[in-house]
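The numbering of the sequence shown is our numbering, which starts it at 49 and goes up by one. Using N, Cα and C, we set each Cβ at its ideal position, and we do this for glycine too. The structure appears below as structure tokens.
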Amino acid sequence: MQQTRDLSHRAVVFLIAGTMLLGIALRLFNLGMPIWGDEAVSWDLASYASVFDVWHYASFDPTPPLYYVFLHLSIPVFGGSPAGLRAISVIASILTAIMVYWGMRQATFRRADAFLAFLLTTVSSIMIYYAQEARAYALFTAIALGTTLLLIELIKNAARPALLLVYGVSVVLLSYVHGYGLFLVTAYIFCAILYRQWRIALLTLFLVSVNVVIILLRFVNGSLPYGAAGGLTEWQSIQNLITMLHAGTLALQGTDAKIPFPHLLAFPHPIVNFCVPYLSATLFLLICIKSVSAFKIFDSDKKMLLVILSTCILVPAGLGILAGTPLSPKPQWLLRGLVFLCPLYYMVTLAVLRLTRLKWGIVTVLLVLQLAALVPYYTQYMRFEGAVAFEKLEQQTNINDLVVVDPWYMHSFVRYYYRGPAPITAHENLTGWVNLAQMRQQNPFSPVPIELNPPLRPERIFVYYRKDELQWSQDFPSVDIFVYDWHSLTWQLYEK
Numbered sequence: 049m050q051q052t053r054d055l056s057h058r059a060v061v062f063l064i065a066g067t068m069l070l071g072i073a074l075r076l077f078n079l080g081m082p083i084w085g086d087e088a089v090s091w092d093l094a095s096y097a098s099v100f101d102v103w104h105y106a107s108f109d110p111t112p113p114l115y116y117v118f119l120h121l122s123i124p125v126f127g128g129s130p131a132g133l134r135a136i137s138v139i140a141s142i143l144t145a146i147m148v149y150w151g152m153r154q155a156t157f158r159r160a161d162a163f164l165a166f167l168l169t170t171v172s173s174i175m176i177y178y179a180q181e182a183r184a185y186a187l188f189t190a191i192a193l194g195t196t197l198l199l200i201e202l203i204k205n206a207a208r209p210a211l212l213l214v215y216g217v218s219v220v221l222l223s224y225v226h227g228y229g230l231f232l233v234t235a236y237i238f239c240a241i242l243y244r245q246w247r248i249a250l251l252t253l254f255l256v257s258v259n260v261v262i263i264l265l266r267f268v269n270g271s272l273p274y275g276a277a278g279g280l281t282e283w284q285s286i287q288n289l290i291t292m293l294h295a296g297t298l299a300l301q302g303t304d305a306k307i308p309f310p311h312l313l314a315f316p317h318p319i320v321n322f323c324v325p326y327l328s329a330t331l332f333l334l335i336c337i338k339s340v341s342a343f344k345i346f347d348s349d350k351k352m353l354l355v356i357l358s359t360c361i362l363v364p365a366g367l368g369i370l371a372g373t374p375l376s377p378k379p380q381w382l383l384r385g386l387v388f389l390c391p392l393y394y395m396v397t398l399a400v401l402r403l404t405r406l407k408w409g410i411v412t413v414l415l416v417l418q419l420a421a422l423v424p425y426y427t428q429y430m431r432f433e434g435a436v437a438f439e440k441l442e443q444q445t446n447i448n449d450l451v452v453v454d455p456w457y458m459h460s461f462v463r464y465y466y467r468g469p470a471p472i473t474a475h476e477n478l479t480g481w482v483n484l485a486q487m488r489q490q491n492p493f494s495p496v497p498i499e500l501n502p503p504l505r506p507e508r509i510f511v512y513y514r515k516d517e518l519q520w521s522q523d524f525p526s527v528d529i530f531v532y533d534w535h536s537l538t539w540q541l542y543e544k
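Dropping the structure here:
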């Protein structure tokens, strides 16, 4: 082990400023790419008239309503374009990187180590991916990191009342920005008990209990939305998580370690894709080993940071894995829900490597993996390639045509892209034709049948995004039906 000279204050200011500009540029580059289905849902829920309406209707979505309220407030400022909808995520992602540096310095780590953790967070491909998505994950990550750092400050300063109040508010926000926030709050309770901070433990337990009671009441009366997206937990799920922490957005085609959802592009070389999961596992093992030896020589502030961050990584990860087992009513392994672990992990990595000769080698490998993952992301990846097809659809349709969303749940997506003269309706196999206007005023995720069945007799019908046979097509024997084709990105005549 060796102690090297730290960066000067002036040097670190210049380095942070330069890295910040790089991080902003990486997040703004191609920010206006077309939105995909889940982002359209964000736009739809945020587009209600008032904050109260947004909170009410967003409560029917499996993602808690807080993000949609933030998005609702941001649209008048940044606009409803793809780039405007993603502005909150960009800002939250930049703030996350800044908090990483601040948290390391508060725990008395050297400027150089704090900067390297900041650098990893800034160029992390997984951080950049979710900074460019109009979903809750970047905001969730920022609030999760901020609340965790507040907890550390509270424990260090004997739970000062003013700071305790801010922490309590932050815990509430955390619980209402993403469902996995409760996993992290559970880790806070363990940390508070471990350090015998009973006021913090009781406050956190009280806030969690209130939230759990609300969830149980909604579950009993049938109003609790529960998303079943994702998959079951497997042994490979742990490997997927470890690979995500080290390699970011790589889909690793040709292997069994596809991460995260939605699957992204991998390196064009199969041998690299094969090696990356094993390289990630090796790095993880080395960091775990070094954490044990580092703990023995840390002072109290550094030990506290390491213990709390490690707890806030392991407890949510463990609970997330359990959520994908039969212990959960609708088992699902939601890897992207654990994206908030990334900045915590980068902080732990630089903390435990600070006095080892392996530091520069491991940090270099991590930087290479993250930056290399950005190459296919920026050059090949597109969230939705069919935006041009909707632009053409606006030009070729008239008021006598009909745009049909089948299945119904893609209605937000179609309404975002299609602003032409033809009316939009939806279909669901069990419900039949869906009254979209009435559904949005009741429950935007529960189809309401339309009174007139079929709704009207159009000249032509354009369908998005059929997966099965169109059972209702026989109701229109003399009408040409055009279906969106995923391969050609055009509207093709449907053979009845």
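Nearest C-alpha to A295 among Q428, A420 and R53: A420. Selection M487, L354, W456 and I191 evaluated against D516 yields W456 as nearest (Cα-Cα). With contacts defined as CB atoms closer than 8 Å, V423 and L354 fail to qualify as a contacting pair. Look at the beta carbons and you see the stretch 222-236 touching the stretch 355-371: at least three pairs across the two are nearer than 8 Å. The alpha-carbon of P374 is positioned some 13 Å away from that of L367. Around the beta carbon of C336, fewer than 16 other beta carbons sit within 10 angstroms, so the residue counts as exposed. Per the coordinates, the alpha-carbon of A155 lies some 10 Å from the alpha-carbon of A162. The beta-bridge partner set that DSSP reports for W481 consists of H475.
When rounded, the separation of the alpha-carbon atoms in K204 and L168 is 26 Å. Straight-line measurement puts the Cα of L383 at about 11 Å from the Cα of L389. In the DSSP assignment, Q443 falls within the unbroken alpha helix (DSSP H) covering A435 to Q444.
Listed in chain order, the non-local C-beta contacts of D86 below 7 Å within the same chain comprise R183, local neighbours out to five positions each way being set aside. At least 8 Å separates the beta-carbon of L199 from that of A140.
Rounded to whole angstroms, M292 and I174 show a C-alpha spacing of 8 Å.
Counting only the Cα atoms, T111 lies some 7 Å from G227.
By the Cβ criterion, the stretch 465-482 is in contact with the stretch 438-454, since at least three pairs of Cβ atoms, one from each stretch, lie closer than 8 Å. Judged by DSSP secondary structure, F510 falls within the beta strand (DSSP E) whose first and last residues are R508 to Y512. Distance check between I286 and each of A329, Y513, L164 and V416 places A329 closest, using alpha-carbon atoms only. The beta carbon of V387 sits closer than 7 Å to the beta carbons of I174, Y178, Y185 and T189 from its chain, once the five residues preceding and following it are set aside; these are given in chain order. Excluding residues up to 5 positions away in sequence, A235, F238, C239 and L242 lie with their Cβ nearer than 8 Å to the Cβ of T359 in the same chain. When the beta-carbon positions are compared, L70 and T170 come within less than 8 Å of each other.
Per DSSP, Q180 has no beta-bridge partner at all.
Of W84, L121, P82 and N78, the smallest CA-CA separation from A97 is found for L121. F108 is the residue among Y149, P379, F108 and Y542 whose C-alpha sits nearest the C-alpha of N491. Cβ atoms of L202 and L211 come within 8 Å of each other, at about 6 Å.
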